[in-house]
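Notes to accompany the following structure.
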């Protein structure tokens with residue numbers, strides 16, 4: 359997606375170690391117009407998969423998941439990283455490594471909001487190794503839901519996440535695919 363790639367080139371910062379800082383427009387401060395355009399594009403790409411719910415991870419996935427949900431007319435569930443007192447005692451919980459936090463994080467969903475037979479579209483900010491998305495897959499499958507698609511704003515193709523998701527046998531879409539982050543240069547894969 360051209361607008362997202364242009365914004366990454368303009369405002370993204372390479373921090374080393376494969377980390378791309380995009381917090382000025384995606385995951386700390388959100389460019390609502392850009393996220394709306396991304397949600398519209400995801401909705402176009404996933405219009406025919408029959409999703410009944412969108413699932414993401416707190417917090418960076420919420421903006422693209424929400425705009426996609428608005429465009430598709432679907433509810434969003436996001437996996438919490440801490441359990442609030444309002445959540446029931448029995449929850450779906452898994453662990454996933456966080457590249458930016460440098461540790462494992464919990465992903466928690468209330469069974470009230472993810473039910474057997476739901477058709478789940480996962481939307482997140484990054485697809486890198488696939489570990490967070492596979493954590494979301496585990497939660498959905500534990501709930502008895504089916505994964506019908508995966509979307510990421512940014513894919514770092516050099517980290518192998520797409521290959522890790524192949525076993526799901528669902529469409530995987532990324533709006534900007536980065537093949538290298540080297541020497542302060544961002545290289546995109548051709549569409």
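Numbering (our numbering), first residue to last: 359 to 549.
Beta carbons: idealized from backbone N, C-alpha and C, even for Gly.
Integer-rounded CB distance, given that residue j should sit under 8 Å from residue i
i, j, result
"residue 422", "residue 397", "6 Å"
"residue 483", "residue 512", "7 Å"
"residue 437", "residue 497", "6 Å"
"residue 376", "residue 517", "7 Å"
"residue 478", "residue 449", "The pair is not a contact, with the Cβ atoms about 17 Å apart (cut-off 8 Å)."
"residue 435", "residue 467", "6 Å"
"residue 439", "residue 416", "5 Å"
"residue 362", "residue 533", "5 Å"
Alpha-carbon to alpha-carbon, residue j and residue i
i, j, result
"residue 412", "residue 430", "10 Å"
"residue 481", "residue 508", "6 Å"
"residue 388", "residue 418", "9 Å"
"residue 486", "residue 525", "16 Å"
"residue 502", "residue 495", "11 Å"
"residue 593", "residue 530", "Outside the shown range of the chain, which is 359 to 549, sits residue 593, and nothing can be said about it."
"residue 543", "residue 372", "8 Å"
"residue 381", "residue 476", "32 Å"
"residue 447", "residue 523", "31 Å"
"residue 527", "residue 545", "27 Å"
"residue 379", "residue 464", "22 Å"
"residue 414", "residue 420", "6 Å"
Bridge partner(s) assigned by DSSP for residue i
i, result
"residue 437", "415"
"residue 543", "540"
"residue 453", "464"
"residue 479", "412 and 507"
"residue 531", "509"
"residue 432", "DSSP output for residue 432 lists no bridge partner at all."
"residue 374", "377"
Backbone secondary structure at residue i - three-state DSSP
i, result
"residue 352", "Residue coverage of the chain in this structure runs from 359 to 549, which leaves residue 352 outside it and unanswerable."
"residue 461", "strand"
"residue 406", "coil"
"residue 424", "helix"
"residue 369", "helix"
"residue 495", "helix"
"residue 510", "strand"
"residue 520", "helix"
"residue 548", "coil"
"residue 485", "strand"
"residue 472", "coil"
Close-in-space but distant-in-sequence residues of the same chain around residue i (CB under 7 Å, 5 per side omitted)
i, result
"residue 515", "535, 536, 537 and 547"
"residue 401", "426, 429 and 430"
"residue 500", "450"
"residue 489", "454 and 455"
Cβ shell of residue i (< 8 Å), same chain only, five flanking positions each side left out
i, result
"residue 403", "509, 529 and 531"
Contacts around residue i, its chain only, beta-carbon distance under 6 Å, and the 5 residues preceding and following it disregarded
i, result
"residue 462", "453 and 455"
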